[in-house]
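Residue numbers (the working numbering), protein chains in the order written: chain A, 1 to 306; chain B, 1 to 518. The beta-carbon is built from N, C-alpha and C at its ideal position, and this holds for glycine as well. From a predicted model like this one, the values you see are computed outputs, not experimental measurements.
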Amino acid sequence: MHELGSILFLMAAATLRTATPLILCAMGGLFSEKSGIIDVGLEGKMLMAAFFAAATASLTGSPWAGVGAAIVASEVLALLHGFACIVHRGNQVVSGVALNILAAGLTVVLGNAWFKQGGQTPSLSHSQRLMPLVFPNAGDSILVYVALLSVPFTWWLVSRTRFGLRLRAVGEMPLAVDAAGISVTWLRFRAVLLCGFFAGLAGSYISIAQNAGFSRDMTAGQGFIALAAIIFGKWRPVPAFGACLMFGLLDAVAIRLQGLKVPGIGEVPVQLFQALPYLLTMFLLAGFIGRAVAPKAIGVPYTKEH
Amino acid sequence: MQVLKPGGLANEGAAIELRSIDKSFGAVHAVRDVSMRIDAGRITGIVGENGAGKSTLMSILYGLYRADAGEILVGGAPLQMDSPRDAIAHGIGMVHQHFMLIDSFTVLENLVLGAEGGPLLAGGMAAARAELERLGREYGLWVDPDALVADLSVGEQQRVEILKVLFRGARILVLDEPSAVLTPQETEQLFRILTTLKERGVTVVLITHKLREIMATTDQVYVMRQGAIVASRATRDTNPEELAELMVGRKVLTRLDKAPARHGEVVLRTDHLSLVDARGVTLLQDIGLEVRAGEIVGIAGVSGNGQTELLQILSGIRTPSAGTVEVGGRVFDSAHPATPAEMRALGLAHVPEDRLRQGMVGAFSASETAILGYHEDAPFTNNYLLDGPAVGEHCADLMQRFDVRPRAPGLRSSSFSGGNQQKLVLAREMDQAPKVLLVGQPTRGVDIGAIEFIHRELVKSRDAGCAVLVVSVELEEILSLADRILVMFAGRIVGEVAPAEANERQLGLMMAGAQAAA
Numbered sequence: 001m002h003e004l005g006s007i008l009f010l011m012a013a014a015t016l017r018t019a020t021p022l023i024l025c026a027m028g029g030l031f032s033e034k035s036g037i038i039d040v041g042l043e044g045k046m047l048m049a050a051f052f053a054a055a056t057a058s059l060t061g062s063p064w065a066g067v068g069a070a071i072v073a074s075e076v077l078a079l080l081h082g083f084a085c086i087v088h089r090g091n092q093v094v095s096g097v098a099l100n101i102l103a104a105g106l107t108v109v110l111g112n113a114w115f116k117q118g119g120q121t122p123s124l125s126h127s128q129r130l131m132p133l134v135f136p137n138a139g140d141s142i143l144v145y146v147a148l149l150s151v152p153f154t155w156w157l158v159s160r161t162r163f164g165l166r167l168r169a170v171g172e173m174p175l176a177v178d179a180a181g182i183s184v185t186w187l188r189f190r191a192v193l194l195c196g197f198f199a200g201l202a203g204s205y206i207s208i209a210q211n212a213g214f215s216r217d218m219t220a221g222q223g224f225i226a227l228a229a230i231i232f233g234k235w236r237p238v239p240a241f242g243a244c245l246m247f248g249l250l251d252a253v254a255i256r257l258q259g260l261k262v263p264g265i266g267e268v269p270v271q272l273f274q275a276l277p278y279l280l281t282m283f284l285l286a287g288f289i290g291r292a293v294a295p296k297a298i299g300v301p302y303t304k305e306h
Numbered sequence: 001m002q003v004l005k006p007g008g009l010a011n012e013g014a015a016i017e018l019r020s021i022d023k024s025f026g027a028v029h030a031v032r033d034v035s036m037r038i039d040a041g042r043i044t045g046i047v048g049e050n051g052a053g054k055s056t057l058m059s060i061l062y063g064l065y066r067a068d069a070g071e072i073l074v075g076g077a078p079l080q081m082d083s084p085r086d087a088i089a090h091g092i093g094m095v096h097q098h099f100m101l102i103d104s105f106t107v108l109e110n111l112v113l114g115a116e117g118g119p120l121l122a123g124g125m126a127a128a129r130a131e132l133e134r135l136g137r138e139y140g141l142w143v144d145p146d147a148l149v150a151d152l153s154v155g156e157q158q159r160v161e162i163l164k165v166l167f168r169g170a171r172i173l174v175l176d177e178p179s180a181v182l183t184p185q186e187t188e189q190l191f192r193i194l195t196t197l198k199e200r201g202v203t204v205v206l207i208t209h210k211l212r213e214i215m216a217t218t219d220q221v222y223v224m225r226q227g228a229i230v231a232s233r234a235t236r237d238t239n240p241e242e243l244a245e246l247m248v249g250r251k252v253l254t255r256l257d258k259a260p261a262r263h264g265e266v267v268l269r270t271d272h273l274s275l276v277d278a279r280g281v282t283l284l285q286d287i288g289l290e291v292r293a294g295e296i297v298g299i300a301g302v303s304g305n306g307q308t309e310l311l312q313i314l315s316g317i318r319t320p321s322a323g324t325v326e327v328g329g330r331v332f333d334s335a336h337p338a339t340p341a342e343m344r345a346l347g348l349a350h351v352p353e354d355r356l357r358q359g360m361v362g363a364f365s366a367s368e369t370a371i372l373g374y375h376e377d378a379p380f381t382n383n384y385l386l387d388g389p390a391v392g393e394h395c396a397d398l399m400q401r402f403d404v405r406p407r408a409p410g411l412r413s414s415s416f417s418g419g420n421q422q423k424l425v426l427a428r429e430m431d432q433a434p435k436v437l438l439v440g441q442p443t444r445g446v447d448i449g450a451i452e453f454i455h456r457e458l459v460k461s462r463d464a465g466c467a468v469l470v471v472s473v474e475l476e477e478i479l480s481l482a483d484r485i486l487v488m489f490a491g492r493i494v495g496e497v498a499p500a501e502a503n504e505r506q507l508g509l510m511m512a513g514a515q516a517a518a
């Protein structure tokens with residue numbers, strides 16, 4: 001009985017650990033998408049943040065300096081995205097993809113130039129990392145709790161505040177927002193900046209809490225999983241949180257089942273489990289949870305004649 | 001927040017003065033040196049054809065566009081209008097032609113957007129609820145604050161728009177084509193609301209191209225043509241004929257002269273036609289109609305009561321769930337569905353309701369638009385290649401006969417005005433000398449001069465022995481064109497009326513589903 005309890009605890013902890021970057025990233029992406037700006041660049045923001053977190057923590061010895069640098073790096077990409085999509089009305093998907101490519105290349109180039117370890121940052125010591133707070137074997141760093149708190153915070157901000165009302169409105173009908181005398185540009189920039197903030201936290205979690213340093217492409221598609229979680233949760237914070245937990249659980253199970261032999265088939269390839277979140281999203285969106293209704297004006301640049 | 005004085009007397013003097021306002025969009029000179037004076041506490045009308053610059057002028061007043069030159073005075077003081085925020089701050093509110101409402105929001109959420117009364121919603125929402133109730137009582141404008149806008153009727157949505165403006169404390173209300181989407185009853189209700197507002201001291205500016213509305217509500221009227229003010233009249237000193245002439249710049253026949261129809265045999269017939277969509281919603285129910293050669297049958301109804309779907313089925317775009325369509329002796333049903341090509345081969349031509357999305361391709365040249373659907377026929381095509389010169393000549397010929405301007409077959413279709421686009425589509429379809437002609441919203445977004453032309457062409461086509469079915473939400477159009485009128489409501493035909501015996505009130509009630517034909 002005691003053993004079962006401890007297995008369950010460890011599974012829950014593993015789920016939460018893997019879900020943390022997804023949750024932070026999804027809450028960030030939700031702000032951007034609610035405002036009508038598609039964010040395919042979550043992955044790139046997170047990767048850039050992960051690199052700068054590890055690099056700064058390694059150079060200064062302070063994990064908090066790392067988190068700060070990660071947020072700044074992520075915000076720079078967010079501003080670039082905003083500049084391209086909001087100011088210059090560029091294609092949001094193209095801009096996002098470009099940011100992902102930029103981040104994938106730049107992190108490796110800078111890593112090589114600064115640390116000469118093949119794009120990696122030096123391994124971080126305990127004092128340079130965010131360590132577990134309560135349960136040493138559960139990996140409950142402070143960012144895990146921040147991620148958990150980010151969900152009610154996002155819900156409250158979106159549904160209970162003036163900013164949230166305007167955010168929802170601008171994603172549905174920017175013209176109405178403009179006609180009400182509210183700046184569409186400033187509103188969307190704030191959304192994109194919030195997104196950058198959360199993606200920055202997510203990235204720093206990956207490199208200085210979950211791992212002890214940066215390695216190339218270490219975000220491994222989690223930005224896209226977070227995007228899937230947003231769609232899965234129909235652009236609502238709590239269901240999106242649920243989707244993140246589910247994806248986290250799948251990942252935790254995948255690690256547990258690594259090398260498992262199924263009679264008659266042999267070893268189950270771990271790639272199958274890694275592909276599961278994507279397959280599940282497509283499968284469920286194809287009809288099981290009903291149509292996901294995106295904000296009406298998502299992806300459409302706001303143009304006003306002058 | 002500014003609170004309106006109930007029963008306050010109309011202030012004397014000008015609420016707004018525009019001085020020499022000028023505005024160009026690229027090469028288009030949209031507003032030319034316009035000066036006007038809008039009296040406080042009265043209803044001022046601005047009439048003009050589509051594209052005369054009325055809406056642009058009001059967008060300048062509301063701070064959505066910036067004027068290239070000129071001055072705006074509100075309450076005697078010159079103002080710089082940089083954004084709607086400035087206009088709102090000076091008590092100007094606008095009800096746009098296309099509602100600025102968010103479908104997935106409640107009435108209350110729409111109301112407070114931009115005037116939330118603080119960073120947290122809870123307090124402001126409660127205050128807004130109380131204010132909404134007060135405004136509802138004072139102006140007779142009741143709407144359920146917790147209803148989703150998507151669930152409201154068009155008339156109710158408009159009421160929300162007016163409430164939004166009043167909620168912000170506006171003393172000057174600008175309405176842009178407010179009746180375009182309303183039933184006659186809803187329009188009358190709107191006029192009552194406007195009168196109440198006037199009695200309470202609100203200044204109203206009404207932009208419209210419907211002369212009847214100008215005559216019924218306004219105190220003063222300005223006429224705009226090609227971006228300039230061409231006349232200003234006290235409403236009681238003018239009449240619709242004079243205003244129409246001023247708008248168009250020449251004499252206009254407001255009533256269509258046509259001979260009685262000479263009925264031939266039935267060429268289009270439907271029997272027990274029904275349509276249920278994928279979600280199980282019944283869109284059409286038991287439609288039975290006949291159109292004879294040499295007559296125009298008009299289908300009246302408020303938009304969205306099945307007219308679109310009926311046209312889609314008749315033209316072969318959509319397959320009915322039950323019932324039959326008979327064209328020129330061939331019978332189609334759900335087991336033997338028609339295709340648009342088959343229908344066209346049987347001599348059925350279709351001028352779609354949504355000309356921009358179904359009638360033409362905006363990026364195509366006019367000459368390409370002029371052969372769409374007939375592009376595989378001689379003489380346009382041979383050996384799998386289009387015959388460019390033949391296509392061009394054909395288009396030039398159509399443009400000549402149907403007075404499409406400018407006469408430029410190579411110009412992009414989207415660059416023509418609405419009226420000229422419609423004439424081009426109509427020319428394409430009528431050039432085939434069809435046996436059956438389906439026309440959806442023949443004059444939507446078309447100016448008065450072109451309306452007259454299109455109506456005459458439709459009657460000509462009828463007199464040549466074509467069976468014409470016209471679907472329109474404009475009652476006046478149905479009344480002047482049709483030899484028989486069918487009224488649609490909620491996917492059914494609820495009655496048939498002869499135009500000579502019909503009046504707008506009775507038709508309006510039928511369109512609202514309140515009364516079947518006697």
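With 9 Å set as the bound, which would you pick, yes or no: does the beta-carbon of B/A170 sit closer than that to a beta-carbon of chain A? no
Helix, strand or coil at B/G288 according to DSSP, with G and I counted as helix: strand
Less than 9 Å separating the beta-carbons of B/A15 and B/I46? no
Between B/S413 and chain A, is there a C-beta pair that is closer than 9 Å? no
To which residues does DSSP link B/G93 through a beta bridge? B/L173
Using a beta-carbon distance below 9 Å, is B/P119 in contact with chain A? yes
Under 7 Å between beta-carbons, which chain B residues line up against A/L175? List them in chain order, please. M100
In chain order, each alpha helix (DSSP H) run of at least 4 residues that lies wholly inside the segment 186 to 254 of chain B: 211 to 217 and 240 to 248
Could you check how far apart the C-beta atoms of B/L256 and B/L111 are, in whole angstroms? I think they sit under 8 Å. With 8 Å as the limit, B/L256 and B/L111 do not qualify as a contact, their Cβ atoms being about 44 Å apart.
Tell me the DSSP bridge mates of B/G75? Per DSSP, none; premise fails for B/G75.
Drop a sphere of 10 angstroms on the beta-carbon of B/H263, count the other beta-carbons inside from all chains shown, and report buried for 16 or more, exposed for fewer. exposed
Would you call B/Q441 buried or exposed, if buried means 16 or more other Cβ atoms sit within 10 Å of its Cβ? buried
Classify A/L133 as buried or exposed, calling it buried when 16 or more other Cβ atoms lie within 10 Å of its own Cβ. exposed
Give the range of the beta strand (DSSP E) segment to which B/T324 is assigned. A322 to V327
Considering only residues of the same chain and omitting the five flanking positions on each side of B/A52, which have a CB-CB separation below 6 Å? M224 and R225
Could you spell out the range, first to last residue, of the alpha helix (DSSP H) harbouring B/D463? I448 to D463
Could you name the residues of chain B that A/R160 contacts, counting a contact when the two beta carbons are closer than 8 Å? L120, L121 and A122
Alpha-carbon spacing of A/Q117 relative to A/A212, whole angstroms: 15 Å
For A/W235 and A/I38, what's the separation of their Cα atoms in angstroms? 12 Å
Per-residue burial, B/K5 [other beta carbons within 10 Å of its own, 16 or more giving buried]: Per-residue confidence for B/K5 stands at a pLDDT of 39, beneath the threshold of 50, marking its modelled position as unreliable; the derived number appears in the next sentence. Per the 10 Å Cβ criterion, exposed.
Within its chain, find whatever has a CB closer than 6 Å to the CB of B/R318; leave out the 5 residues flanking it on each side and keep chain order. Q312
Using C-beta distances below 8 Å, list every residue in its chain close to B/A512, excluding the 5 sequence neighbours before and after it, in chain order. T183, Q185, V302 and F489
Going by DSSP in three states, A/L10 sits in which element: helix, strand or coil? helix
A/A297, DSSP secondary structure in three states: coil
Using 10 angstroms around the beta-carbon of B/Y139, count the other beta-carbons present and answer buried if the total reaches 16, otherwise exposed. buried
What is the DSSP secondary structure of B/I371, counted as helix, strand or coil? coil
Run through chain A and tell me which residues come within less than 7 Å of B/E116, C-beta to C-beta. R162 and L165
For B/E265, report the span of its alpha helix (DSSP H) as first-last. Neither: B/E265 is in no alpha helix (DSSP H) and is coded neither H nor E.
To the nearest angstrom, how far is it from the Cα of B/T238 to the Cα of B/I454? 27 Å
Whole-angstrom Cβ separation of B/T270 and B/G288, contact assumed at under 8 Å? 6 Å
Within 9 Å of chain B by C-beta, residues of the segment 23 to 47 of chain A in sequence order: none
Determine, using beta carbons only, whether B/S104 comes closer than 9 Å to chain A. yes
Note down the Cα distance separating B/M510 from B/R456, rounded to an integer number of angstroms. 28 Å
Can you find a CB in chain A that lies within less than 9 Å of the CB of B/S417? no
Give me whichever residues DSSP pairs with B/I493 in a beta bridge. B/M488
Coarse secondary structure for A/F198, derived from DSSP in three states: helix
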